[in-house]
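Only one structure is covered here, and it is reproduced in the block below.
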Ligand code: AHR
């Protein structure tokens, strides 16, 4: 095991591990100060948000099994999915895409299910030869709203700018939000089963308008954004999200941000500016489920670039909008591997999810938390059967992936005030696909809500554990609970046959007044929670 104790030493150089050794007689690799004196921005619960699209096995099978299915369901919606999303307190759900959104006409998904049209799905082009992706429209607006209701999530609708019209968009808003007894659209909604308005607040005005949403230039899109939003029917104050950059492109796509905001000069900027950031391994030979240390680190290296991308776009936005009215909405993020590990042919973009993806998730969430002042919402792509999934589902089979457990472990941050943490752990020098690179030696974020302190820590090393001392500057604690997510095998994954291979376990934390001491195993995400006295 590599020795990482190059930092602060608080006692004899003994190995961490024995719970019998009294607190603080042990050597620490580093001492972190958590400052409680002046908590920062509130971490919006919406940073832990979701995204589902009509793509492969996401909606049909992943979410929607139909009311006559043998799979336990609530009005056609997979019950296990609902139960787990409720348990997580999923704050929001983005739908119907993604690329699908800019080809979707909402009227196709209302009315009697048997009368709904069969329509073309954008993702047909990616289906294996001979397989069909025709959209049945059995899961439409009312089914989606019912899903949000049973989970307790806020709906976030992505409107069709790429092939729709402003009128179609405005009618969708009225159909969803007009009070009963006002517009004919409200009567139509009531006739379709929902007299009460859905009160949708979050509206995405297009998706990836630089690509599948219309291959536009930023100024062209800005013009359309203005056109689509000027006559927006205001039943309640909306939160409008404009299409932002392809953050994972080689240059971070700053040009899109500059061009869009230039095109918006003199006009009210949007509430949210969508940033997509995929840890994009598609151009590589790297595999989702079979890898060694260099491929582990390659994914994490590409993942932490998100921090720089957020800062770069925020700075650029500030040039046009110094008061930062517009916040970032990272409404697609996740690790995206080349095809090859689909759970079944036709469930395109579904991937094996391993401990590596869980560790990536911990590091991404810490980045979100630390930038809580800049980010209004983030949505994992996608919640089930697609890319960075929390769940895999096929017929009666359903499994929580390692990523699910990280969402679960980070719940305590929601609505908390972000805390400054000094992190003196040195970068680690690690092998990647080509040569070597430096990675943060420890990822950490902390928040406080009603005297409840939540600290999350991720050790990206596949070789060495870390021994840490956390000093609470300005507070004390008498006890703390710890949980750890790790596995001896870095490729460990949960399958339908072995669904609990990777799951959190209790983790010891020693407490003494204003200090906590604990070890962070290699390749692990750790949660520490305590009530401050
Ligand atoms: O999440 C899969 C796809 O990735 C989405 O449809 C699109 O917006 C992005 O390119």
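In the numbering used here, the protein residues as written are 471 to 1003. Backbone N, C-alpha and C define an ideal beta-carbon position, used for all residues, glycine too.
Within its own chain, the residues whose Cβ lies closer than 7 Å to the Cβ of residue 992, once the five positions on either side in sequence are excluded, are 929, 931, 932, 933, 934, 935, listed in chain order. Residue burial is scored here from C-beta neighbours: residue 611 has at least 16 other C-beta atoms within 10 angstroms and is therefore classed as buried. Taking the CA atoms as reference points, residue 737 sits about 17 Å from residue 704. Counting along the chain, residue 637 sits inside the alpha helix (DSSP H) bounded by residues 636 to 647. Our two residues, residue 775 and residue 664, have alpha carbons roughly 44 Å apart in a direct line. With respect to residue 563, residue 519 sits close: the two C-beta atoms are nearer than 9 Å. At least one heavy atom of the ligand AHR is found less than 8 Å from the C-beta of residue 748.
Residue burial is scored here from C-beta neighbours: residue 796 has at least 16 other C-beta atoms within 10 angstroms and is therefore classed as buried. Between the C-alpha atoms of residue 807 and residue 684 there is a straight-line separation of about 25 Å. Distance from the C-beta of residue 681 to the nearest heavy atom of the ligand AHR is below 8 Å.
Comparing C-alpha distances from residue 773 to each of 603, 632, 913, 541 shows the shortest one belongs to 913.
The nearest non-hydrogen atom of the ligand AHR is 8 Å or more from the C-beta of residue 743. The C-beta of residue 762 has fewer than 16 other C-beta atoms within 10 Å across all chains shown, which makes the residue exposed.
By the Cβ-count criterion, residue 718 is buried, with 16 or more other Cβ atoms from all chains shown falling within 10 Å of its own Cβ. For the pair residue 922 and residue 979, the CB atoms are not nearer than the 9 Å cut-off. Inclusion of residue 819 in the 8 Å shell around the ligand AHR follows from its C-beta lying nearer than that to a non-hydrogen atom of the ligand.
When secondary structure is reduced to three states using DSSP, residue 999 falls in the strand class.
Nearest neighbour of residue 511 by Cα position, chosen from 874, 841, 997, 870, turns out to be 841. When 682, 535, 542, 583 are compared, the shortest CA-CA separation from residue 567 is found for 682. Within the DSSP bridge table, the entry for residue 747 names 803 as partners. Rounded to the nearest whole angstrom, the C-alpha separation of residue 577 and residue 571 is 13 Å. The three-state secondary structure of residue 967, taken from DSSP, is coil. For residue 697, the uninterrupted alpha helix (DSSP H) segment begins and ends at 688 to 700. The C-alpha of residue 894 is placed about 13 Å away from the C-alpha of residue 909. Rounded to whole angstroms, the gap between the alpha carbons of residue 635 and residue 644 is 14 Å. Short of 7 Å from the beta carbon of residue 516, and not among the five residues preceding or following it, lie these beta carbons of its own chain, in chain order: 561, 562, 846, 847. The ligand AHR has a heavy atom closer than 8 Å to the beta-carbon of residue 856. Leaving aside the five residues that flank residue 885 on each side, the residues in its chain whose CB is nearer than 6 Å to its CB run, in chain order, 515, 919.
Linking residue 581 to residue 969 through their CA atoms gives a straight-line distance of about 38 Å. Around the beta carbon of residue 530, 16 or more other beta carbons sit within 10 angstroms, so the residue counts as buried. Where residue 835 is concerned, there is no enclosing beta strand (DSSP E), although the alpha helix (DSSP H) around it starts and stops at 825 to 840. Residue 958 and residue 537 have their alpha carbons spaced roughly 42 Å apart. In the DSSP assignment, residue 764 falls within the alpha helix (DSSP H) that extends over 763 to 790. When DSSP states are grouped into helix, strand and coil, residue 867 belongs to the strand group. With three or more CB-CB distances shorter than 8 Å, the region 757 to 771 counts as touching the region 826 to 837.
Fewer than three Cβ pairs drawn from the region 641 to 660 and the region 584 to 597 lie within less than 8 Å of each other, which leaves the two stretches out of contact.
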